[in-house]
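Keeping their order, the protein sequence lines are chains E and Z. If you read the first sequence in this note's numbering, its first letter stands for residue 2, the second for the next number, and so on. If you read the second sequence in this note's numbering, its first letter stands for residue 2, the second for the next number, and so on. Data block below; observations after.
There are 2 protein chains.
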Amino acid sequence: MSGIAEVARRAGVSKSTASRALTGAGYVSDETRRRVQQAAADLGYRPSTSAVGLATGRTRSIGVLLPYVNRWFFAEALEGVQEALHERGLDLTLYAARPDTATRRHVFRQFLTRKGFDGLIAIGLEPQDGEVERLLAMRIPVVGVVGTSDAISVVAIDDEHASRRATELLVDLGHRDIVFLGGGASAAHVDRLRMSGYSASMTDAALTGHIRFVPSDVTLPGGYAAAVDLLGDARRRPTAIVAVCDEVAIGAIIAARRLGIRVPSELSVVGIDDHEYAAMFSLTTLRQVPREQGAAAVELLQRHLHDREMAPTAVRLQATLVMRSSTAPPLSAESTVQIDMRERPAWSQ
Amino acid sequence: MSGIAEVARRAGVSKSTASRALTGAGYVSDETRRRVQQAAADLGYRPSTSAVGLATGRTRSIGVLLPYVNRWFFAEALEGVQEALHERGLDLTLYAARPDTATRRHVFRQFLTRKGFDGLIAIGLEPQDGEVERLLAMRIPVVGVVGTSDAISVVAIDDEHASRRATELLVDLGHRDIVFLGGGASAAHVDRLRMSGYSASMTDAALTGHIRFVPSDVTLPGGYAAAVDLLGDARRRPTAIVAVCDEVAIGAIIAARRLGIRVPSELSVVGIDDHEYAAMFSLTTLRQVPREQGAAAVELLQRHLHDREMAPTAVRLQATLVMRSSTAPPLSAESTVQIDMRERPAWSQ
DNA sequence: GGATGATGTGGAATCGGTTCCAGGCGAATG
DNA sequence: CATTCGCCTGGAACCGATTCCACATCATCC
């Protein structure tokens with residue numbers, strides 16, 4: 002209820018002095034500052050965000066756009082963004098909308114209809130939709146998480162490299178019949194990067210003839226269903242699977258268990274993510290930490306906020322291999338690679 | 002860049018007329034309105050949210066407070082809230098912070114330091130922490146999801162009733178040795194409600210002596226670890242489990258499978274939630290739809306927004322039983338209840 | 001034909017802050 | 001001693017919208 006004028010009156014100073022005392026900008030004597038702060042505390046004074054925003058031209062509020070919140074990567078990244086923003090005293094305005102939906106288009110209209118963000122973080126933008134351009138048209142700093150773009154700053158792991166490492170691991174163990182599980186025709190951009198890393202690695206290993214993509218929904222039940230299909234038929238069954246992500250990988254492991262196929266002796270599985278369930282399923286995977294990516298995006302955004310001329314920068318992280326026990330040499334082959342199985346799963350204590 | 006003054010000039014009218022034409026408030030001739038709208042479109046005019054907020058006193062922005070975003074219930078509820086808010090042209094400002102953390106306290110300071118929300122939705126507030134009072138002190142409408150409070154409006158299922166139904170189902174099948182899995186000493190409010198529903202039902206069935214709580218983290222790996230422990234020892238093994246939620250229930254099913262215990266013939270499991278993985282594990286459960294709860298909370302909030310004197314209202318939903326095949330009579334007993342197993346799992350097609 | 005009311009428009013105040021500018025004061029400088 | 005400078009303060013303009021009020025016009029109703 003009470004504005005800064007009230008605070009000023011109570012402290013016996015002018016509005017301008019009160020403002021300076023509270024924001025810390027400009028000269029104010031220690032004694033005056035104390036009195037003003039005391040008056041503000043007494044009155045329970047809260048500055049109006051609208052008024053501050055109008056006067057300063059910045060809202061201290063960041064828009065965050067993403068396709069899902071109920072999926073591991075996005076939820077984790079969102080929490081990372083959220084935490085990093087709050088450390089800096091910035092608010093987070095959320096826009097969640099799946100690609101190619103009416104809601105998504107509506108969000109873009111909303112975005113473009115209202116101006117009121119100091120910056121924008123877009124998680125999992127699909128580049129082809131021309132959305133990057135529309136965001137740039139808002140003339141505020143934009144940082145992406147996942148995906149590539151020359152026009153905006155981006156934080157992401159090298160997805161192609163991650164699936165390449167996953168595939169190489171299996172090749173090195175002696176596998177030849179390695180299937181890529183997940184993705185498919187309507188795959189998202191990241192998924193396609195991972196698919197091409199697999200292809201490249203198979204080609205390098207002179208296994209071009211063995212390249213095989215089995216599509217699935219990019220979810221745990223999706224991986225399960227596709228794997229039941231794939232593994233149920235003994236003639237189609239590979240000795241190893243590279244999964245597009247851990248959720249699909251875990252679905253495949255559950256499917257294998259149900260079918261009585263032993264992991265890793267009869268089937269090796271590698272994922273990408275290091276999902277919170279990965280340890281529980283002893284899944285060998287390439288770890289990325291979306292929470293850190295979110296924090297890095299905020300960091301990058303803040304640099305853009307301070308220096309409006311800063312050129313777009315790509316922060317490309319490296320996924321790290323986490324060796325657990327869902328991978329082993331195929332029954333038919335010999336391998337010279339030794340697996341370190343000493344890791345104690347975190348959930349078992 | 003261009004404000005409403007620019008639009009007005011281009012349309013050859015005053016600022017006030019331009020404002021009326023664009024907001025739709027007050028009299029404007031059709032011809033004038035058309036000209037103003039055209040001018041606004043030509044200039045790509047976007048009203049400043051700060052200025053609108055200052056002038057009207059409302060920000061069209063709702064604060065949403067929750068403990069986690071990376072857990073099923075909260076992620077789903079958040080998506081529901083988000084979607085419902087956007088349908089109404091309201092923005093969502095997110096505050097995610099775990100209970101009893103420095104961040105949480107910081108968020109409360111933030112909340113109380115800035116005023117700038119038309120309303121507030123709090124998901125999973127723990128009543129004991131005096132947080133409800135602090136939110137009420139903000140003098141804006143508050144709606145809770147999950148939990149009880151006389152002071153604010155709340156949307157939730159009847160948790161006690163849900164676990165009661167779950168327990169009764171098992172009792173009716175002939176089980177006596179029924180364990181409640183999950184929760185524990187530091188359980189959240191909802192968890193304790195579910196625990197007491199179980200107790201009450203066991204007492205009603207004259208099975209007071211069989212009441213047994215096995216604590217676990219309220220996560221899938223937590224349920225797995227606790228169930229491995231519980232089921233690994235044949236002497237402690239119950240014939241049925243009521244889980245505090247589906248994630249714990251699924252953890253238990255996975256544990257049972259790993260230990261070679263057959264579900265449902267050797268072990269029945271009932272959950273609460275109808276988690277997205279529930280169908281895949283054929284889990285019998287009591288369904289709640291957090292997405293709808295989120296939407297209902299928005300609906301309720303909007304009513305409070307329109308009528309500031311409206312009394313706090315509790316919307317208490319009923320969880321509905323979803324019968325799948327994780328439940329059966331115990332091997333030792335006979336049962337008169339027939340289970341309908343005709344449901345085709347959605348993920349299998 | 002004058003009063004009434006609905007419609008349409010512009011000027012000016014207002015929301016609640018920040019910030020520019022001018023001015024006062026005391027200490028240091030030339 | 002006059003200037004200059006650093007520190008401190010208040011007055012007023014300003015940010016960009018909405019909204020109150022006054023006024024003009026025109027049709028309608030006694």
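Backbone N, C-alpha and C define an ideal beta-carbon position, used for all residues, glycine too. Since the model is a prediction, treat every value here as computed from it, not as a measurement.
> When burial is assigned at 16 or more other CB atoms within 10 Å of the CB, is residue 88 of chain E buried or exposed?
Replying inline: exposed
> Is there at least one Cβ from chain Z nearer than 9 Å to residue 165 of chain E's Cβ?
Replying inline: no
>> Per DSSP, what are the beta-bridge partners of residue 116 of chain E in this structure?
In response: Z:49
>> Just checking: is the beta-carbon of residue 80 of chain E within a distance shorter than 9 Å of some beta-carbon in chain Z?
In response: yes
> If you check the beta carbons only, do residue 37 of chain E and residue 9 of chain E fall under 9 Å apart?
Replying inline: yes
> Any heavy atom of the ligand ATP within a distance shorter than 8 Å of the CB on residue 226 of chain Z?
Replying inline: The model depicted lacks the ligand ATP and carries no ligand whatsoever.
>> I'd like the list of long-range same chain contacts for residue 7 of chain E, defined as Cβ closer than 7 Å, with 5 residues on each side in sequence excluded.
In response: 44
> Is residue 341 of chain E helix, strand or coil by DSSP?
Replying inline: With a pLDDT of only 47 at residue 341 of chain E, under 50, the local geometry of the prediction cannot be trusted, and no value is derived from it.
>> Going by DSSP in three states, residue 54 of chain E sits in which element: helix, strand or coil?
In response: helix
> Using a Cβ-Cβ cut-off of 8 Å (strictly less than) and excluding sequence neighbours within five positions of residue 127 of chain E, which residues of its own chain qualify?
Replying inline: 100, 148, 189 and 190
>> Just to make sure I have the definition right: I need the residues of chain Z whose C-beta is within less than 8 Å of the C-beta of residue 134 of chain E. Which are they?
In response: Those within 8 Å of residue 134 of chain E in chain Z number zero; the least Cβ separation is about 15 Å.
> So residue 1 of chain E is in the alpha helix (DSSP H); what residue range does that whole segment cover?
Replying inline: Absent from the structure is residue 1 of chain E, since the part of chain E shown begins at 2 and ends at 350.
> residue 223 of chain E lies in the alpha helix (DSSP H); which residues open and close that run?
Replying inline: 221-233
> Got a sec, what are the start and stop residues for the beta strand (DSSP E) residue 3 of chain Z sits in?
Replying inline: Note, residue 3 of chain Z: premise wrong, no beta strand (DSSP E); not H, not E.
> Going by DSSP, which residues form a beta bridge with residue 272 of chain E?
Replying inline: E:286
> So is residue 209 of chain E in contact with chain Z if we call contact Cβ pairs under 9 Å?
Replying inline: no
> residue 92 of chain E touches chain Z at which residues, Cβ-Cβ below 7 Å?
Replying inline: 94
> Taking 9 Å as the CB-CB limit, is residue 185 of chain Z close to chain E?
Replying inline: no
>> Suppose you measure from the CA of residue 225 of chain E to the CA of residue 255 of chain E; what does that come to, to the nearest Å?
In response: 7 Å
>> According to DSSP, is residue 147 of chain Z part of a helix, a strand, or is it coil?
In response: coil
>> For a contact defined as C-beta to C-beta under 9 Å, what are the partners of residue 108 of chain Z on chain E?
In response: 87
>> With a threshold of 9 Å between beta-carbons, can residue 278 of chain Z be considered close to chain E, or not?
In response: yes
>> At the level of alpha carbons, what is the spacing between residue 262 of chain Z and residue 229 of chain Z?
In response: 11 Å
> Roughly how many angstroms separate the alpha carbons of residue 248 of chain Z and residue 300 of chain Z, rounded to a whole number?
Replying inline: 29 Å
> At least one CB of chain E closer than 9 Å to the CB of residue 6 of chain Z: is that the case?
Replying inline: no
> If you check the beta carbons only, do residue 246 of chain E and residue 274 of chain E fall under 9 Å apart?
Replying inline: yes
> How about residue 303 of chain Z: is its C-beta nearer than 9 Å to some C-beta of chain E?
Replying inline: no
> At which residues does the beta strand (DSSP E) containing residue 321 of chain Z begin and terminate?
Replying inline: 321-323
> Can you name, in chain order, every residue of its own chain whose Cβ lies under 6 Å from the Cβ of residue 195 of chain E, other than the five neighbours on each side?
Replying inline: 160, 164 and 245
> What does a CB cutoff of less than 8 Å around residue 107 of chain Z pick up in its chain, not counting 5 residues either side in sequence?
Replying inline: 98
> Which one of Z:235, Z:279 and Z:120 has the shortest CA to CA distance from residue 58 of chain Z?
Replying inline: Z:120
> Along chain Z, in chain order, which residues have C-beta atoms closer than 8 Å to that of residue 222 of chain E?
Replying inline: 277, 278, 280, 281 and 348
> Between residue 199 of chain Z and residue 243 of chain Z, is the Cβ-Cβ spacing less than 9 Å?
Replying inline: yes
> Any contact of the stretch 16-31 of chain Z with the stretch 63-70 of chain Z, i.e. 3+ C-beta pairs under 8 Å?
Replying inline: no
> Cβ of residue 117 of chain E less than 9 Å from any chain Z Cβ?
Replying inline: yes
>> Taking the alpha carbon of residue 296 of chain Z as the reference point, which residue from Z:85, Z:41 and Z:51 has its own alpha carbon closest?
In response: Z:85
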